[in-house]
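Notes follow the structure.
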Amino acid sequence: MSGVVTGDAVYLGLEPARLPTRALAVLIDLVVVWTAFLLVSMGLVVATASLDEAAVAALSIASFVLVLVGAPIAVETLSHGRSLGKLALGLRVVREDGGPIRFRHALMRGAMGVVEILMTFGVVACVASLVSERGRRLGDVFAGTLVVRERVAAGPGAGILVPPPPPWLVGRFAGLDLSAVPDSLWLEVRQYLTRMRQLDPAIGLRLAERLAGELVARTGAPAPPGVPAAAYLAGVVAERQAREARRALAPGAAAAPSASSAPWASSTPAITSAPVAPSVPPTPSAPAAPATPSAPSAPSAPPPATGFAPPA
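The sequence shown begins at 27 in the numbering used here and counts up by one.
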């Protein structure tokens, strides 16, 4: 079974990156970083022409550390494991439990990368990746991380669907702002929902509460009181899928969204009663217009007009 298995024997479905792909990603990163370092060095040569050799040496060492070591650490921390090379090849650094990395993970990987990649020209990193079962170099081993593929071709397990939310939660998150939720968090939520039955109940509850807390922080709206964390995650994911479906169908037919929104709104009677109210006034007004043929009753006025008969 190719994939990531946590310490709790939970299969996460993440495919570790292969050595050639990782090497190409590192090569792209090195080209970018060394180009930036050469530009900074050239600027320092011009700016420090009047300084003594000790000051120039100190600035050179500082620029080396900041550009070649500090910049990759900052990029991996801010992007949660995606450098330029990894982003180009669809790779990402994650924790062993599948979660996003933080500063301490990026710091350990960057510090060990100086020895593995810069000082030994990548020989130590290649040997460690070949020996490791999941292709991890020493920096990954000490940091508790691994590099996985984010863009994986659809396979037999790709047909696993996210379980639907409870019926009483359908359409309840229609007004939720999901624009600030990153794709990495959606991926974590989907992986949890598709495999929550395989988790230990206590571990699954903690994971669901963590993911629900991150969603609440991203959306800025608190979760409904009394709603379990797993049900809340399923409801929000279902709302996102419904919005994507409506956007996909919007160019094709304008009436399709209204038809699809009806079943979602039908679960809440308060919402269904609102659309019915506008439809009720037109029906009375239509009969009221024919009522104007009360003008036929005006023919009753002609009898007074024929009032010439009494004088006759």
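Using N, Cα and C, we set each Cβ at its ideal position, and we do this for glycine too.
Only a predicted model underlies this, so the values are computations on that prediction, with no experimental measurement involved.
Within the stretch 161-215, the complete beta strand (DSSP E) segments of 3 residues or longer fall at 171-175, listed in chain order. Relative to the Cα of R232, the nearest Cα in the group G165, P254, L213 and V58 belongs to P254. Between S109 and P98, the C-beta spacing is below 8 Å. Counting along the chain, V72 sits inside the alpha helix (DSSP H) bounded by residues L45 to A73.
DSSP, read as helix, strand or coil, puts L117 in strand.
For E122, the secondary structure class from DSSP, reduced to helix, strand or coil, is coil. Under DSSP, E41 shares a beta bridge with R175. Contact annotation, L259 with L237: C-beta distance approximately 6 Å; criterion of less than 8 Å satisfied. Of the candidates G96, L195 and G230, L195 places its Cα closest to the Cα of P250. Taking 8 Å as the cut-off, the Cβ atoms of V93 and A62 count as close.
C-alpha of S205 to C-alpha of T103: approximately 21 Å in a straight line. In its chain, beyond the 5 residues on either side, V82, L85, S86 and S89 have a beta carbon closer than 8 Å to the beta carbon of L70. Non-local beta-carbon contacts of L211 in its own chain, meaning distances under 8 Å to residues more than five positions away in sequence, involve L237, E240, L241 and R244 in chain order.
Secondary structure at G261: helix, using DSSP grouped into helix, strand and coil. At a Cβ-Cβ threshold of 8 Å, V263 and L219 count as neighbours. The alpha-carbon separation between P46 and F129 amounts to approximately 26 Å.
Scanning R198, V167, D166 and R221 for the CA closest to the CA of P189 turns up R221. Leaving aside the five residues that flank V140 on each side, the residues in its chain whose CB is nearer than 7 Å to its CB run, in chain order, V95.
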